[in-house]
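Just so we're aligned, residue 93 is where the sequence shown starts under the numbering used here, counting upward by one.
Even glycine gets a Cβ: it sits at the ideal position worked out from N, Cα and C.
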Amino acid sequence: MTPRPGDGGPAHLPVVVVGGGPVGVTAASLLGAAGVPALVLERERDVYHLPRAAHLDDEVMRIFQSLGVAEEVLVHTRPMASMQVVDANRRVLLRFPRSRHGPYGYPAANMFHQPAVEQVLRTAATERHGVTLRTGSEVARVEQTAGAVRVHARERDTSSEFVMDADFVLACDGARSPIREALGIALRGRRFSQRWLVLDAVVEGGLAGFPHAQQVCDPRRPATYVPMGGPRYRWEFQMLPGERTEDLTDPPVLARLLAPWVERSRVRIDRTASYTFRAVAAERWRVGRIFLLGDAVHQMPPFLGQGLCAGIRDAHNLAWKLALVVAGRADPAVLDTYEGERAPHVAGITRRAVLFGGVMQGGGRGGHGMRWLASRAALGVPGLRRLIERQQVPGLRPGPLLPAAVRGPGMGGRLLPQPVVMLPDGTPTRLDHVLGPGFALIGFGSDPLGDSTPEARADWERLDVLPVTVTPPAAAPHAHAVNDVTGVLTDWAARHRASSVLVRPDRYIFGVAGTHPRAAPSPDHLAVLLRRALRRPAQGEAPPFGSGSFYSAARYTSMKRR
Ligand SMILES: Cc1cc2nc3c(=O)[nH]c(=O)nc-3n(C[C@H](O)[C@H](O)[C@H](O)COP(=O)(O)OP(=O)(O)OC[C@H]3O[C@@H](n4cnc5c(N)ncnc54)[C@H](O)[C@@H]3O)c2cc1C
Numbered sequence: 093m094t095p096r097p098g099d100g101g102p103a104h105l106p107v108v109v110v111g112g113g114p115v116g117v118t119a120a121s122l123l124g125a126a127g128v129p130a131l132v133l134e135r136e137r138d139v140y141h142l143p144r145a146a147h148l149d150d151e152v153m154r155i156f157q158s159l160g161v162a163e164e165v166l167v168h169t170r171p172m173a174s175m176q177v178v179d180a181n182r183r184v185l186l187r188f189p190r191s192r193h194g195p196y197g198y199p200a201a202n203m204f205h206q207p208a209v210e211q212v213l214r215t216a217a218t219e220r221h222g223v224t225l226r227t228g229s230e231v232a233r234v235e236q237t238a239g240a241v242r243v244h245a246r247e248r249d250t251s252s253e254f255v256m257d258a259d260f261v262l263a264c265d266g267a268r269s270p271i272r273e274a275l276g277i278a279l280r281g282r283r284f285s286q287r288w289l290v291l292d293a294v295v296e297g298g299l300a301g302f303p304h305a306q307q308v309c310d311p312r313r314p315a316t317y318v319p320m321g322g323p324r325y326r327w328e329f330q331m332l333p334g335e336r337t338e339d340l341t342d343p344p345v346l347a348r349l350l351a352p353w354v355e356r357s358r359v360r361i362d363r364t365a366s367y368t369f370r371a372v373a374a375e376r377w378r379v380g381r382i383f384l385l386g387d388a389v390h391q392m393p394p395f396l397g398q399g400l401c402a403g404i405r406d407a408h409n410l411a412w413k414l415a416l417v418v419a420g421r422a423d424p425a426v427l428d429t430y431e432g433e434r435a436p437h438v439a440g441i442t443r444r445a446v447l448f449g450g451v452m453q454g455g456g457r458g459g460h461g462m463r464w465l466a467s468r469a470a471l472g473v474p475g476l477r478r479l480i481e482r483q484q485v486p487g488l489r490p491g492p493l494l495p496a497a498v499r500g501p502g503m504g505g506r507l508l509p510q511p512v513v514m515l516p517d518g519t520p521t522r523l524d525h526v527l528g529p530g531f532a533l534i535g536f537g538s539d540p541l542g543d544s545t546p547e548a549r550a551d552w553e554r555l556d557v558l559p560v561t562v563t564p565p566a567a568a569p570h571a572h573a574v575n576d577v578t579g580v581l582t583d584w585a586a587r588h589r590a591s592s593v594l595v596r597p598d599r600y601i602f603g604v605a606g607t608h609p610r611a612a613p614s615p616d617h618l619a620v621l622l623r624r625a626l627r628r629p630a631q632g633e634a635p636p637f638g639s640g641s642f643y644s645a646a647r648y649t650s651m652k653r654r
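So, in structure tokens, the structure goes:
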């Protein structure tokens, strides 16, 4: 913590994160990685010991990779091979295989044990330079002054109070978010509220006959079954109006509920709990210097396993923008794009989750054929099928940092794929390790700045964009290029008629240059658009963090180390 110079007042920090759940510690680690000191204040001493989330997608794994924890997280996950939609008699209506090799470098669907993964994230945060985690510290209130947010907190063990100032506060304080409440921000949403019983259990010897996750379309009682990895299993059962938790955990009732999969005597129950699933989002994601993230700003039913994934995306979306603003490299107006990009994205996924809940209701109380038809019809809804079938979440809408003019069809608002590429010395590595932590401009087959004017080159340097040359699979090794050994990027570029692509720090595509009518005519046009988007002056400014050269020694070393 940095004391305020001279006045002996409270410590002053760039960022205070309220809440050390998975979203809070991820946000703090991302900020720390971007060079922004962050303090996390967490009410509880330990990680919450019971799992809630069960599934993470490959975009989230890619984010964990950027923090250097993907391999450790993978130890606590199991790739999901397939998801089945079954009827009340467990007959398979639809089957959706999940790729073990998703486009972003990880299995498309990963089942995980939340407490173990949260512990990995928490440890990573405490080990990250610039990040401090203070557990047992409860934030009592926050107040905004002209230039800062004053945070009032207390140690729970001693009741001693402390105060600090922050340039920004990230409220990652969960679904009941005291900060959201204090700011008077309402939650708005769909007329959706369902109570479900969640049961986590260990079945020694496993359930070999049920290797796939199942969504049970049973109009009498929709259910979910998830093999979590090893001997761990999750069941979720919708509760009927008036039902209490103890009505379903009553031994004979529970035995009947589990009977389609396993005899009750083989099941060691870790916990049962009832949850009310809702589909809501805050009417505002930001008030001045305070931002809401994760469950504090949105809650969705878990039928698509996307609630936490959305929270981790919030953290990723905001962290790099905050880092640019704190470093004086972007105008604070850039921070408005956080809500602008994230709110419609979350709304889209929530809508799909609710629709899928409708599929699980089985399309009414008709017969098997009716339910099958209802499932089919709902799955025809644009986007829902893609999300369920290919695990493809919707893209981000155009905005200042996603200019519509340079996003071709099918690419805009999406992440660049992350294949393995070959370094000049023959070492294979994941693409993001080459792209580094900031903006990157990839040239397909040639130096993306090869035709740039000296003025444009200076522009790229001032914007601190890393130029990277990617050669096609059969190309001879080149000392200043990485090779696209799998051909994934070369195919992508051909499909989009792109000669180069500008990628944001969160790996979303800013725009492409190439011959497509909706591409920029040259990479230098992208520099102009980026400068405008960040509201950076055109001339007369030294590069803030040195040259963006691909082979600057520090970057190359860190690239090889990861
Ligand atoms: C049954 C169920 C199944 C789910 N399945 C999935 C799934 O498969 N995939 C998925 O992506 N998501 C899933 N979710 C959603 C997911 O669990 C949540 O979105 C996620 O855990 C929220 O993380 P968070 O960090 O935003 O909030 P939390 O985990 O709630 O963390 C908030 C933290 O803030 C702290 N805090 C609160 N107030 C204060 C204060 N005043 N001062 C200091 N600290 C404070 C709390 O102690 C807590 O540690 C599921 C949820 C449920 C209930």
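Have a look at residue i and residue j and give me their C-alpha separation to the nearest angstrom.
{"i": "Gly450", "j": "Arg370", "result": "14 angstroms"}
{"i": "Gly537", "j": "Val574", "result": "10 angstroms"}
{"i": "Arg280", "j": "Ala126", "result": "33 angstroms"}
{"i": "Ala240", "j": "Pro102", "result": "12 angstroms"}
{"i": "Gln236", "j": "Ala411", "result": "20 angstroms"}
{"i": "Tyr600", "j": "Gly502", "result": "13 angstroms"}
{"i": "Ser191", "j": "Ala173", "result": "7 angstroms"}
{"i": "Arg356", "j": "Ala293", "result": "11 angstroms"}
{"i": "Arg549", "j": "Phe284", "result": "53 angstroms"}
{"i": "Asp362", "j": "Gln286", "result": "23 angstroms"}
{"i": "Gly542", "j": "Gln330", "result": "60 angstroms"}
{"i": "Phe448", "j": "Leu349", "result": "22 angstroms"}
{"i": "Gly455", "j": "Leu400", "result": "Caution applies to Gly455, whose pLDDT of 49 falls short of 50 and renders its modelled position unreliable; the value that the coordinates give is listed next. Whole-angstrom Cα-Cα distance: 28 angstroms."}
{"i": "Ser614", "j": "Pro490", "result": "20 angstroms"}
{"i": "Val372", "j": "Pro114", "result": "20 angstroms"}
{"i": "Ser251", "j": "Asp616", "result": "57 angstroms"}
{"i": "Asp249", "j": "Thr227", "result": "10 angstroms"}
Taking residue i as the reference, which of the options has the closest Cα?
{"i": "Lys413", "options": "Ser614, Leu185, Pro311 and Phe531", "result": "Phe531"}
{"i": "Pro171", "options": "Tyr198, Thr521 and Ser252", "result": "Tyr198"}
{"i": "Pro393", "options": "Ala415, Leu385, Thr368 and Glu375", "result": "Thr368"}
{"i": "Gly504", "options": "Val557, Leu555, Ala605 and Pro529", "result": "Ala605"}
{"i": "Phe395", "options": "Arg348, Pro509, Gln306 and His408", "result": "Gln306"}
{"i": "Arg122", "options": "His221, Leu581, Pro270 and Thr442", "result": "Before going further, note that residue 122 is Leu rather than Arg in the sequence given. For the residues His221, Leu581, Pro270 and Thr442, the minimum Cα distance to Leu122 belongs to His221."}
{"i": "Leu299", "options": "Cys264, Phe284, Pro352 and Thr341", "result": "Pro352"}
{"i": "Leu131", "options": "Ala388, Arg499 and Val243", "result": "Val243"}
{"i": "Val354", "options": "Arg312, Pro303 and Ala201", "result": "Pro303"}
{"i": "Thr224", "options": "Glu151, Gly124, Leu626 and Ala425", "result": "Gly124"}
{"i": "Cys264", "options": "Ala119, Arg187, Gly321 and Pro323", "result": "Ala119"}
{"i": "Met175", "options": "Pro323, Leu186 and Tyr430", "result": "Leu186"}
{"i": "Pro516", "options": "Val577, His588 and Ser544", "result": "Val577"}
{"i": "Glu151", "options": "Arg610, Pro565, Ala566 and Leu508", "result": "Leu508"}
{"i": "Asp423", "options": "Arg405, Pro492 and Pro486", "result": "Pro492"}
{"i": "Val177", "options": "Thr561, Gln453, His525 and His617", "result": "Gln453"}
{"i": "Glu134", "options": "Ser229, Leu494 and Val318", "result": "Ser229"}
{"i": "Ala365", "options": "Arg312, Pro344, Leu289 and Ala402", "result": "Leu289"}
How far does the alpha helix (DSSP H) with residue i in it extend, from its first residue to its last?
{"i": "Cys401", "result": "Gly399 to Val418"}
{"i": "Ala208", "result": "Gln206 to Glu219"}
{"i": "Phe395", "result": "First-last for Phe395: undefined, no H or E at that position."}
{"i": "His525", "result": "Leu523 to Leu527"}
Which residues mark the beginning and the end of the beta strand (DSSP E) in which residue i is found?
{"i": "Ala532", "result": "Ala532 to Phe536"}
{"i": "Trp353", "result": "No beta strand (DSSP E) contains Trp353, which DSSP labels as neither H nor E."}
{"i": "Trp288", "result": "Leu279 to Val295"}
{"i": "Arg624", "result": "Segment Pro615 to Leu626 is the alpha helix (DSSP H) holding Arg624; no beta strand (DSSP E) there."}
{"i": "Asp259", "result": "Glu253 to Ala263"}
{"i": "Arg363", "result": "Val359 to Ala374"}
{"i": "Ala232", "result": "Ser229 to Gln236"}
Does residue i come out as helix, strand or coil in the three-state DSSP assignment?
{"i": "Trp552", "result": "helix"}
{"i": "Val184", "result": "strand"}
{"i": "Gly116", "result": "helix"}
{"i": "Tyr430", "result": "helix"}
{"i": "Ala439", "result": "helix"}
{"i": "Gln157", "result": "helix"}
{"i": "Asp423", "result": "coil"}
{"i": "Leu133", "result": "strand"}
{"i": "Ala496", "result": "helix"}
Just checking: is the beta-carbon of residue i within a distance shorter than 8 angstroms of some beta-carbon in chain B?
{"i": "Ala245", "result": "Any reference to chain B falls outside this structure, which holds one protein chain only."}
Is there contact here, the stretch 271 to 288 with the stretch 138 to 151, by at least three beta-carbon pairs under 8 angstroms?
no
Whether or not the stretch 330 to 345 and the stretch 213 to 226 are in contact is what I'm after, with contact meaning three or more pairs of Cβ atoms, one per stretch, closer than 8 angstroms; do they touch?
no
Any contact of the stretch 255 to 262 with the stretch 379 to 389, i.e. 3+ C-beta pairs under 8 angstroms?
yes
With contact counted as at least three CB pairs below 8 angstroms, one residue from each stretch, are the stretch 554 to 571 and the stretch 611 to 623 in contact?
yes
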